[in-house]
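Student:
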Amino acid sequence: MPSFVSPPAPPPALPARLLLPLALAQGLALALLHGAVEQGVEPWNRPPLLLALYAVTLVLPVTLGLLSGRVGPLAVLARAAGVALAMAGCAAYTGWVVSPLDGRWPAQGGSVFFLGLALGAAWFVALPFLVTGWRGTTRAEGYARLHDEAWANLASLALAFAFAGLAWALVGLFVGLFGAIGLSWPREWLLRRWFAYPFSCAAFAFALMLGRFRPELVAAVRRIVLLVLRWLAPLAQAVLVMFALALLFQGVQPLWHTRMAAGLLLSLGFALVALDNVVWQDLAHEPAQAAPLAWLQRLATWVAPALPALAAWAFALRIGQYGLTEDRAFGLIACLLLAGYAGGYAFATLPADAEARLAWRRRVNLGGAAAMVALALAVHSPLLDLKRMTAASQSARIGAKAEDSELRYLRHESGRHGLAALGRIAADPAHPGHQRAADALAWSDHSRLLGPERRPVEQAAVTREQFAARFELRPAGAGLPPLLLGQWHDQLRAKGWDAPCVHTFGDTAPRCVARLADLDGDGADEVLVVTVGYGAIEVWGQPAPGRHWRRVGRLQVVKADGAALLRSDDWKLAPPPRYRGLVMGGEVREFVPE
Numbered sequence: 142m143p144s145f146v147s148p149p150a151p152p153p154a155l156p157a158r159l160l161l162p163l164a165l166a167q168g169l170a171l172a173l174l175h176g177a178v179e180q181g182v183e184p185w186n187r188p189p190l191l192l193a194l195y196a197v198t199l200v201l202p203v204t205l206g207l208l209s210g211r212v213g214p215l216a217v218l219a220r221a222a223g224v225a226l227a228m229a230g231c232a233a234y235t236g237w238v239v240s241p242l243d244g245r246w247p248a249q250g251g252s253v254f255f256l257g258l259a260l261g262a263a264w265f266v267a268l269p270f271l272v273t274g275w276r277g278t279t280r281a282e283g284y285a286r287l288h289d290e291a292w293a294n295l296a297s298l299a300l301a302f303a304f305a306g307l308a309w310a311l312v313g314l315f316v317g318l319f320g321a322i323g324l325s326w327p328r329e330w331l332l333r334r335w336f337a338y339p340f341s342c343a344a345f346a347f348a349l350m351l352g353r354f355r356p357e358l359v360a361a362v363r364r365i366v367l368l369v370l371r372w373l374a375p376l377a378q379a380v381l382v383m384f385a386l387a388l389l390f391q392g393v394q395p396l397w398h399t400r401m402a403a404g405l406l407l408s409l410g411f412a413l414v415a416l417d418n419v420v421w422q423d424l425a426h427e428p429a430q431a432a433p434l435a436w437l438q439r440l441a442t443w444v445a446p447a448l449p450a451l452a453a454w455a456f457a458l459r460i461g462q463y464g465l466t467e468d469r470a471f472g473l474i475a476c477l478l479l480a481g482y483a484g485g486y487a488f489a490t491l492p493a494d495a496e497a498r499l500a501w502r503r504r505v506n507l508g509g510a511a512a513m514v515a516l517a518l519a520v521h522s523p524l525l526d527l528k529r530m531t532a533a534s535q536s537a538r539i540g541a542k543a544e545d546s547e548l549r550y551l552r553h554e555s556g557r558h559g560l561a562a563l564g565r566i567a568a569d570p571a572h573p574g575h576q577r578a579a580d581a582l583a584w585s586d587h588s589r590l591l592g593p594e595r596r597p598v599e600q601a602a603v604t605r606e607q608f609a610a611r612f613e614l615r616p617a618g619a620g621l622p623p624l625l626l627g628q629w630h631d632q633l634r635a636k637g638w639d640a641p642c643v644h645t646f647g648d649t650a651p652r653c654v655a656r657l658a659d660l661d662g663d664g665a666d667e668v669l670v671v672t673v674g675y676g677a678i679e680v681w682g683q684p685a686p687g688r689h690w691r692r693v694g695r696l697q698v699v700k701a702d703g704a705a706l707l708r709s710d711d712w713k714l715a716p717p718p719r720y721r722g723l724v725m726g727g728e729v730r731e732f733v734p735e
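Counting with the numbering used here, you get residues 142 to 735 for the letters of the sequence shown.
#1: For Trp436 and Tyr284, I'd like the C-alpha separation in whole angstroms.
#2: Compare the Cα-Cα distances from Pro188 to each of Tyr234, Gly627, Ala172 and report the closest residue.
#3: On the DSSP bridge list, what partners appear for Lys528?
#4: On a CA-only basis, which of Leu458, Leu324, Leu582 is nearest Gly472? Give me that one, please.
#5: Short check: CB of Val420 to CB of Leu381, under 9 Å?
#6: With DSSP collapsed to three states, give me the class of Trp584.
#7: Below 8 Å on the Cβ atoms is my contact criterion, and I expect Ala567 with His575 to pass it. Report the Cβ-Cβ distance as a whole number of Å.
#8: With DSSP as the reference, please indicate the residues paired to Ser325 in a beta bridge.
#9: Looking at Ala665 and Arg615, is the spacing between their C-beta atoms short of 9 Å?
#10: I'd like the list of long-range same chain contacts for Cys476, defined as Cβ closer than 6 Å, with 5 residues on each side in sequence excluded.
#11: Tell me which same chain residues have a C-beta within less than 7 Å of the C-beta of Leu525, skipping the five on either side of it?
#12: Of the choices Val238, Gln378, Asp423, Arg245, whose alpha-carbon is the least far from that of Ala281?
#13: From Glu613, Phe345, Val680, pick the residue whose C-alpha is nearest to that of Ser709; which is it?
#14: For Ser252, collect the residues of the same chain with a Cβ closer than 8 Å to its Cβ; drop the 5 residues on either side in sequence, then sort them by chain order.
#15: For Ala562, which beta-bridge partners are listed by DSSP?
#16: Assign Ser147 to one of three DSSP states: helix, strand, or coil.
#17: Please identify the residue among Val668, Arg498, Leu406, Phe270 whose C-alpha is closest to the C-alpha of Val224.
#18: Please return the same chain residues whose Cβ sits closer than 6 Å to the Cβ of Ala267, not counting the five positions on each side in sequence.
#19: If the criterion is Cβ atoms closer than 9 Å, does the pair Leu160 and Ala346 meet it?
#20: Tell me which residues share the same chain as Arg334 and place their Cβ nearer than 6 Å to its Cβ, disregarding the 5 neighbours each side in the sequence.
#21: Counting Cβ pairs, one atom from each stretch, are 3 or more of them under 8 Å apart for the stretch 243-263 and the stretch 184-198?
#22: Starting from Gly682, trace the beta strand (DSSP E) both ways and give me its first and last residue.
#23: Between the stretch 498-506 and the stretch 475-490, do at least 3 Cβ pairs fall closer than 8 Å?
#24: Give the C-beta separation of Ala562 and Ala532 to the nearest angstrom, bearing in mind that I take them to be a contact with Cβ-Cβ under 8 Å.
#25: Determine, using beta carbons only, whether Met350 and Gly213 come nearer to each other than 9 Å.
#26: Quick check: Leu479 and Leu516, are their CB atoms within less than 9 Å of each other?
#27: Which one or two residues does DSSP pair with Arg286 in a beta bridge?
#28: How about Ala301 and Leu260: do their beta carbons lie closer than 9 Å?
#29: Could you check the C-alpha separation between Arg652 and Ala617 for me, to the nearest Å?
#30: Looking at the strands, I want to know which residues DSSP matches up with Glu613.
#31: Which residues bound the beta strand (DSSP E) around Val91?
#32: Which same chain residues end up closer than 8 Å to Asp648 when comparing Cβ atoms and leaving out the 5 residues on each side of it in sequence?
#33: Round the Cβ separation of Gln632 and Trp690 to the nearest angstrom and send it over; I've been treating them as touching at under 8 Å.
#34: To the nearest angstrom, how far is it from the Cα of His553 to the Cα of Ala583?
#35: Out of Val272, Tyr482, Arg245, Asn418, point me to the one whose CA is closest to Ala221's CA.
#36: From Arg286 to Val680, what distance separates their C-alpha atoms?
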C-alpha cells in the first residue's frame, strides 16, 4: 500500500504565526484590486498590470503555505517567487492581448477564464515537482514520493475549500438570523469586499495550517477521496465500452448533431485518465482487481484512444465550417494531451513484464505533466498566442459577403490581433471585405471585465439636456434629482459611461430606465436605475439633503429584464426595513449593499 504521509521534511520556512497575517494581507490586496477595477483607479486597472497583480496575489501565499515544511526555507522562497513570476508574466501578456487598440476594446471574459483554467492546472501539476524535482521520478521510489506530494496537495486544497465554504455558510446563517429580527447591519457590513476577501483568505489559510500541523486530517480526506473515486472507475470504464459499442451501430452522424460532441468526448476521456490514476495510485505495483474488473479496465484502455481522435474530428469539422476560434484551439490542445495519455496507457499494456508496464505508465504521466505545464505557459505567451492564430484564420475568411459571426469574432473575441486584422482589411480598398471590416470596426465595444471606463469622443460633448433625455423615468412625470443628474453628467464627460443607453444617441436608441422609490423608509426617494437591459439594478441614495449622491447597493435581477421591471407599476417594498428589497414581477429582488 502507498504511504499517506511524506517522509520527514526540513523545518517550515514560514512560522505558523505568519500564515494568517499573510492571508489577511492577501485578502486586503484582493479587495484593493477589486476596488481598482470598480473605481477606475489608474494605472492599477490596466489589464496587463491588473492581471499580473491578481496572479501574484492569488498564487504566491498559497504556494508558500503548501511548500513550507516540504523543502528548505530559502528553496521555498525562491521557488514560490519563480512560480509567481511565471504566472505574472503569462497574465501580463494576456492582459496586453485584451487591451484596447486605437481606442477599441475587445471582449475579455473568455480570455480571463482560459487564463485562470490553464494556469491553475499548470500550477497544481507543477507544485509537487517543486518539492521532489524531476531527477529520479522515473524510478519507483521517486515517483511514489511525487505521487504522495500531489495527493497531499489535492487533499489540503480540498480541505481548505471545504473549510472556507463552511465558514461562509455560518456567516450566511448569522446574516439570515439577524435579518429575521429586522437587523440588516450584518448584511451591510459582512458582505462588503473589505470583509469578504480577508475573511475568505484567512479561512482558507487556517485550513491549510491545520493540514500542515495535523497531517492525519489530510490523510483522512485523501483516503475518503480515493475510496469514492476508486469505485467510480469501473463505472466510467463501462460507460466508455458501451458507448463504443453503440457507436459501431449508430455511426458518428448523430454525435455531430449534438453540437457539443467534442466537449463530451474530452470530458469522458480526462475523467478516465484521472480515475485510472486513482486505481493505479503510485505505480509501485499493479492494482489487485477481480478478473472481470481487470478485463474491463484493459478493454477500456484499448478503446480510450478513440476519444481524442473523435474529438479532433469534431473540431476539424467545425473549423472547416466556421474557422479556428480560441475555444477550438484549446480543444485541439486538449485532444493532443488526451491522445498522449490514452495512447501511452494503451501501449503500456503490451509489455509482458509487469515492471516494464509500470515504468511505461510512469513515463506517460511524467511526460503528460511536463507537456501540460509547457503548453499552459506557451499559449499565454508570444510563443503560441492562440488569439493571433485565430485572428489569422478568421481574417482569411473575410470577403465581400463575410458572415457576421466572423466579423464579430474578429471585432470582439480575438483581442488586439483581431482588431489589427480588421484595421488592415479596412485600410485596403482592394480587399473584397474592405467595407464589411470598416463597418465591424464601428461596432460598439462589448461590456468588459478589466480596464478603465471607456470614454468615446462624442460623450465629452454631450450637453446636460441631451444627457437627461437619455433617461426614461417612473413614475410618469418624475425627473432625476438635479444634483444626481449633474454628478452623472460630470462622470460622463470626465470618464465616460460604459452603457449602450447612454453612449448611443438617436431617436431609435434605447434609453436608460430609472424609478424613484423610498427603499429605506426615511421619506426621501432613492433612484433605481438600469443602464443595460439585463443584470443588476443600481440603487443610488443621498445621505442628507444637499449631499452628493452615492451608489448604496443593487437589486439582483438575474435572468430578468431589469428595464421591464422598472417600467412596471407592479411592485412593493419587501421586508425587512433599512434598504428593503422590492417585490417585482412576483419575486423578491434582494438588495445587496455596496
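Glycine included, each C-beta is placed from N, C-alpha and C at the ideal position.
Tutor: Based on what the coordinates show:
#1: Their backbone Cα atoms lie some 26 Å apart in a straight line.
#2: Out of Tyr234, Gly627, Ala172, Tyr234 has the C-alpha closest to the C-alpha of Pro188.
#3: None, per the DSSP bridge assignment.
#4: Comparing Cα-Cα distances from Gly472 to each of Leu458, Leu324, Leu582, the minimum goes to Leu458.
#5: By the CB criterion at 9 Å, Val420 and Leu381 fall outside the cutoff.
#6: In the three-state reduction of the DSSP assignment, Trp584 falls in the coil class, being assigned neither a helical nor a strand state.
#7: Indeed they touch by this definition, with Cβ atoms about 6 Å apart.
#8: Assignment of beta-bridge partners to Ser325 by DSSP yields no partner.
#9: Judged by beta-carbon spacing, Ala665 lies beyond the 9 Å limit of Arg615, meaning their Cβ atoms are not closer than that value.
#10: Cβ neighbours of Cys476 beyond the five flanking positions: Pro449, Ala452, Ala453.
#11: Within the same chain, Leu525 has close Cβ partners Ala519.
#12: Ala281 has its Cα closest to that of Asp423, out of Val238, Gln378, Asp423, Arg245.
#13: Residue nearest to Ser709 within the set Glu613, Phe345, Val680 is Glu613 (criterion: CA-CA distance).
#14: Excluding sequence neighbours, Ser252 sits near Thr235, Val238, Val239, Glu467, Lys528, Gly556.
#15: Looking at the DSSP assignment, Ala562 forms no beta bridge with any residue, so it has no partner.
#16: Interpretation of Ser147 is limited by its pLDDT of 47, a score under 50 that renders its predicted location unreliable; the figure taken from the coordinates is listed afterwards. Looking at Ser147 - three-state DSSP - the assignment turns out to be coil, as it is neither helix nor strand.
#17: Comparing Cα-Cα distances from Val224 to each of Val668, Arg498, Leu406, Phe270, the minimum goes to Phe270.
#18: Non-local C-beta neighbours of Ala267 in its own chain, meaning closer than 6 Å and more than five positions away in sequence, comprise Val514, ordered along the chain.
#19: At the C-beta level, Leu160 and Ala346 come within 9 Å of one another.
#20: Ala172, His175, listed in sequence order.
#21: The stretch 243-263 is in contact with the stretch 184-198.
#22: Segment 678-682, the beta strand (DSSP E) holding Gly682.
#23: These segments touch.
#24: About 5 Å; that satisfies the 8 Å criterion.
#25: The answer is no: Cβ separation not under 9 Å.
#26: No, the Cβ-Cβ distance between Leu479 and Leu516 is not below 9 Å.
#27: Its beta-bridge partners do not exist; DSSP assigns none.
#28: No; because the gap between Cβ atoms is not below 9 Å, this pair is not in contact.
#29: C-alpha separation (whole angstroms): 15 Å.
#30: Among the bridge pairs identified by DSSP, Glu613 is matched with Val654.
#31: The structure shown has nothing for residue 91, since the chain only spans 142 to 735.
#32: Low local confidence applies: a pLDDT of 47 at Asp648 is under 50, so the model's placement there is unreliable, with the coordinate-based value given in what follows. Close CB contacts of Asp648 within its chain, under the 8 Å cut and outside five residues either way in sequence, are absent.
#33: Contact doesn't hold; Cβ gap of about 11 Å is too wide.
#34: Straight-line Cα distance between these residues: approximately 12 Å.
#35: For Ala221, the nearest C-alpha among the options comes from Val272.
#36: Cα-Cα distance, rounded: 55 Å.
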